[in-house]
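Written below as structure tokens is the structure these notes are about.
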Amino acid sequence: RKEVEQDPGPFNVPEGATVAFNCTYSNSASQSFFWYRQDCRKEPKLLMSVYSSGNEDGRFTAQLNRASQYISLLIRDSKLSDSATYLCVGMEYGNKLVFGAGTILRVKS
Amino acid sequence: DAGVTQSPTHLIKTRGQHVTLRCSPISGHKSVSWYQQVLGQGPQFIFQYYEKEERGRGNFPDRFSARQFPNYSSELNVNALLLGDSALYLCASSLGAGGTGELFFGEGSRLTVL
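In order, the protein sequences belong to chains A and B.
Residue numbers for the first sequence follow the working numbering, beginning at -9 and rising by one.
Residue numbers for the second sequence follow the working numbering, beginning at 39 and rising by one.
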């Protein structure tokens, strides 16, 4: 079983839609969690951190449920520029990041 | 300001050869990590170095080795290349050894093994 599991998608949504991604993690040693974004053939970039209390950044909301070992990302009012792969990430010791395989989002006009 | 730079950007090798990949971190960053990303998968942790010392090693064979230099740049070496080593190799830098989860990635070195 992979440590971080995500639905690979793709999620095909129209502009303006709300879309939610989920991920589950199996390693209870993971201390912190993040969402990274990776555009096609580009490097991953940090999108946002995930906290138990929830974290909102503009149109993006991330949530962590430690009891269920479940992480979510909600994107409201989707834009064409949101099209990318979204990587769910757990952090172990130091800055060792454990990445999920990613969820592909395609926003269409 | 320059971000993380990696070289070469693309390379083709044959089975059994070795390869050296290079990385320069963001100025002021003292930690460098290496990740392997196979097509369709997320990046997988290979090594972390901080202040020239190895701070972490992922589940990779001994054919993979790395080092960090006094100027904080780093090299990743892979010996006896296998077809399965074909991947995008990403270098990431961070200010310190850990805690923030924010890594700054370079654009990667795309290795093809024939």
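Note that CB positions come from ideal geometry on N, CA and C, so glycine has one too.
What do you reckon, are the CB atoms on A/Ile94 and A/Cys78 nearer than 8 Å?
For this step, residue 94 of chain A is matched to residue 104 along the first sequence. For this step, residue 78 of chain A is matched to residue 88 along the first sequence. No, the pair does not count as a contact, with Cβ atoms beyond the cut-off.
Length-filtered (3 minimum) beta strand (DSSP E) runs lying within the stretch 106 to 136 of chain B:
112 to 116 and 125 to 132
Under 8 Å, Cβ to Cβ, is there at least one residue of chain A near B/Ala118?
The sequence position of residue 118 of chain B within the second sequence is 80, counting from 1. Against chain A, the CB of B/Ala118 has no partner CB under 8 Å away; the residue lies outside that interface.
Return helix, strand or coil for A/Asp72, following the three-state DSSP convention.
Counted from its first residue, the first sequence places residue 72 of chain A at position 82. Three-state result, A/Asp72: helix.
Extent of the continuous beta strand (DSSP E) run through A/Pro34
Counted from its first residue, the first sequence places residue 34 of chain A at position 44. DSSP places A/Pro34 inside the beta strand (DSSP E), whose first and last residues are Pro34 to Val40.
Three or more C-beta pairs closer than 8 Å, one from the stretch 16 to 33 of chain A and one from the stretch 117 to 125 of chain B: is that the case here?
no
Whole-Å CB distance - B/Ile50 paired with B/Leu152, under 8 Å assumed
Sequence index remark: in the second sequence, residue 50 of chain B carries index 12 (1-based). Sequence index remark: in the second sequence, residue 152 of chain B carries index 114 (1-based). Right, their Cβ atoms sit about 6 Å apart.
Please report how far the alpha carbon of B/Cys129 lies from the alpha carbon of B/Ser69, in whole angstroms.
In the second sequence, residue 129 of chain B corresponds to position 91, counting from 1. In the second sequence, residue 69 of chain B corresponds to position 31, counting from 1. Our two residues, B/Cys129 and B/Ser69, have alpha carbons roughly 10 Å apart in a direct line.
For B/Phe143, which residues in chain A fall below 8 Å Cβ to Cβ?
Residue mapping note: residue 143 of chain B aligns to position 105 of the second sequence, counting from 1. The answer, in chain order, is Glu33, Pro34 and Lys35.
Counting only beta-carbon atoms, is B/Ala104 nearer than 8 Å to chain A?
Walking along the second sequence from the start, residue 104 of chain B turns up at place 66. No, its Cβ sits nowhere closer than 8 Å to a Cβ of chain A.
Determine the closest residue to B/Gly136 out of A/Val88, A/Glu82 and A/Ala91, with distance taken between C-alpha atoms.
Locating residue 136 of chain B in the second sequence gives position 98, where the first residue counts as 1. Looking at the Cα atoms, A/Glu82 is the closest of the given residues.
Euclidean distance between Cα positions of B/Ser131 and B/Val57
If you number the second sequence from 1, residue 131 of chain B lands on position 93. If you number the second sequence from 1, residue 57 of chain B lands on position 19. Rounded to whole angstroms, B/Ser131 to B/Val57 spans 21 Å at the Cα level.
Quick one: what does DSSP say A/Gly(-1) is sitting in, helix, strand or coil?
By 1-based counting over the first sequence, the position of residue -1 of chain A is 9. In this structure, A/Gly(-1) counts as coil in the three-state DSSP scheme.
Buried versus exposed call for A/Ser71 [16 or more other C-beta atoms within 10 Å across all chains shown]:
What you label residue 71 of chain A is simply residue 81 of the first sequence in a count that begins at 1. With fewer than 16 other Cβ atoms from the protein chains shown falling within 10 Å of its own Cβ, A/Ser71 counts as exposed.
Tell me whether B/Lys90 counts as near the ligand COA, meaning its Cβ is closer than 7 Å to at least one heavy atom of that ligand.
The ligand COA is not part of the structure shown, which contains no ligands of any sort.
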